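Right, one structure below, let's go through it.
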Amino acid sequence: MPDQTQPDQVQPNAAQQSPGSVAGRLAVVRGRIAAAADAAGRGPDEVRLLVATKTQTADAVLEALAAGVDLIGENRVQELVAKAPAVADRVADGTLAVHMIGHLQRNKINQVLATATGLETLDSLDLARAISDRCVRDDRTGSQALDVMVQVNVTGEESKSGVGPDAAAELAAAVAALPGLRLTGFMTIGARLADTSERGVRAGFARLRAVRDEVLASGAPGTGTATELSMGMTGDLELAIAEGATIVRVGTAVFGPRAAP
Ligand SMILES: *Cc1c(COP(=O)(O)O)cnc(C)c1O
Numbered sequence: 001m002p003d004q005t006q007p008d009q010v011q012p013n014a015a016q017q018s019p020g021s022v023a024g025r026l027a028v029v030r031g032r033i034a035a036a037a038d039a040a041g042r043g044p045d046e047v048r049l050l051v052a053t054k055t056q057t058a059d060a061v062l063e064a065l066a067a068g069v070d071l072i073g074e075n076r077v078q079e080l081v082a083k084a085p086a087v088a089d090r091v092a093d094g095t096l097a098v099h100m101i102g103h104l105q106r107n108k109i110n111q112v113l114a115t116a117t118g119l120e121t122l123d124s125l126d127l128a129r130a131i132s133d134r135c136v137r138d139d140r141t142g143s144q145a146l147d148v149m150v151q152v153n154v155t156g157e158e159s160k161s162g163v164g165p166d167a168a169a170e171l172a173a174a175v176a177a178l179p180g181l182r183l184t185g186f187m188t189i190g191a192r193l194a195d196t197s198e199r200g201v202r203a204g205f206a207r208l209r210a211v212r213d214e215v216l217a218s219g220a221p222g223t224g225t226a227t228e229l230s231m232g233m234t235g236d237l238e239l240a241i242a243e244g245a246t247i248v249r250v251g252t253a254v255f256g257p258r259a260a261p
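Just so we're aligned, residue 1 is where the sequence shown starts under full-length UniProt numbering, counting upward by one.
Structure (structure tokens):
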């Protein structure tokens, strides 16, 4: 598959595609990612695009896959399960990763394990232990382990999912030591209610990077793989890339505005 994140391939592609199509909008998003990476002195291949597919139909998801998307994220288990058959072949042959990016309730763990390749929203040791137990019971350890990220509420706002920044490193070390889980990094939604100025948003992303760097430097068992920073969405992906994002999660800029739920 050609590397469509190369800026010299994105620009002609963007011009050819109808601007109102998923493929056309994807080309624009890839152009934004490449430009932001370049501005930050980073290579375009240092930032992966995760396409957030909540409320989208399976057909819309398949359109995105046809345009080269290899990583998607779902918020709700019900939608994850409903769209799983449409993408099962791509997951099975290893050309598509599916991340759960919404809050996970314990009674839905089995459904997530059956359909997702990764979970970005781990925010308590209780939940991590429950998933780990399930993975061990299913013989999913070693190379079969589930990729997980610790979700950090970088501003410590009460109303959101995610562990507070002060407790994140300790949780990450505990998660990394559990069998059946491979800690791949950290995820945040960012500063949503607190300081939403450009400086406030950047400070939140910088906080996530600091947590990751602290955990990597700790040398604690299992933390050496925790390199990813999943941060930045349609409105703030440039700021996230400037602060080191390795995955940006984009929905609106790919599919257009979502209908109200
Ligand atoms: C919806 C969603 C996104 C994408 O947001 P857009 O603003 O539509 O790009 C990213 N991450 C999470 C967790 C989401 O729920």
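All residues carry an ideal CB built from backbone N, CA and C; glycine is no exception.
Quick caveat: nothing in here was measured; it's all calculated off a predicted structure.
Distance cut-off 7 Å: residue i Cβ against heavy atoms of ligand 1
i, result
"Gly102", "yes"
"Thr196", "no"
"Ala97", "no"
"Thr188", "no"
"Thr57", "no"
"Met231", "no"
"Val250", "yes"
"Ala240", "no"
"Thr234", "yes"
"Asn107", "no"
"Lys54", "yes"
"Asn153", "no"
"residue 263", "A question about residue 263 goes unanswered here, because the residues of the chain that appear run from 1 up to 261."
"Ala253", "yes"
Residue burial classification, residue i (beta-carbon count within 10 angstroms, cutoff 16)
i, result
"Gln151", "buried"
"Ala128", "buried"
"Asn110", "exposed"
"Ala92", "exposed"
"Gly162", "buried"
"Thr57", "exposed"
"Arg182", "buried"
"Gly102", "buried"
"Gly43", "exposed"
"Ser132", "buried"
"Asp236", "buried"
CB contact check: residue i to chain D, cutoff 8 Å
i, result
"Gly162", "No chain D is part of this structure, which consists of one protein chain only."
Boundaries of the alpha helix (DSSP H) in which residue i is found, first to last residue
i, result
"Glu120", "Element bounds for Glu120: not the alpha helix (DSSP H) but the beta strand (DSSP E), 118-122."
"Ala240", "237-242"
"Ser218", "198-218"
"Ala92", "77-92"
"Gly31", "22-39"
"Asp166", "165-176"
"Arg182", "Looking at the DSSP string, Arg182 is not in any alpha helix (DSSP H); the run it does join, the beta strand (DSSP E), is 181-187."
Limits of the beta strand (DSSP E) - the one that residue i falls within
i, result
"Ala52", "48-52"
"Ala247", "Inspection of the sequence shows that residue 247 is occupied by Ile rather than by Ala. Ile247 -> beta strand (DSSP E) spans 247-250."
"Ser143", "Segment: none, Ser143 is in no beta strand (DSSP E) and carries neither H nor E."
"residue 265", "Look at the range of the chain in this structure, 1 to 261, and you will see that residue 265 is not part of it."
"Leu229", "228-230"
CA-to-CA distance, residue j to residue i, given in whole angstroms
i, j, result
"Glu214", "Asp123", "18 Å"
"Asp59", "Arg106", "29 Å"
"Gly204", "Ala191", "6 Å"
"Leu113", "Asp147", "11 Å"
"Val10", "Val47", "The predicted model places Val10 with a pLDDT of 45, which falls under 50 and marks its position as unreliable; any figure quoted below should be read in that light. Cα to Cα, the separation comes out at about 15 Å."
"Ala66", "Gly118", "21 Å"
"Leu216", "Ala86", "37 Å"
"Arg30", "Leu49", "8 Å"
"Arg199", "Met231", "15 Å"
"Ile241", "Cys135", "33 Å"
"Ser197", "Val51", "25 Å"
"Gln6", "Arg137", "Note that Gln6 scores a pLDDT of 47, beneath 50, so its modelled location is shaky; the value from the coordinates is reported in the next line. Straight-line Cα distance between these residues: approximately 42 Å."
"Gly77", "Lys108", "The question names Gly, but residue 77 is Val in the sequence shown. Near 7 Å, if we compare the C-alpha coordinates of Lys108 and Val77."
"Leu229", "Thr188", "8 Å"
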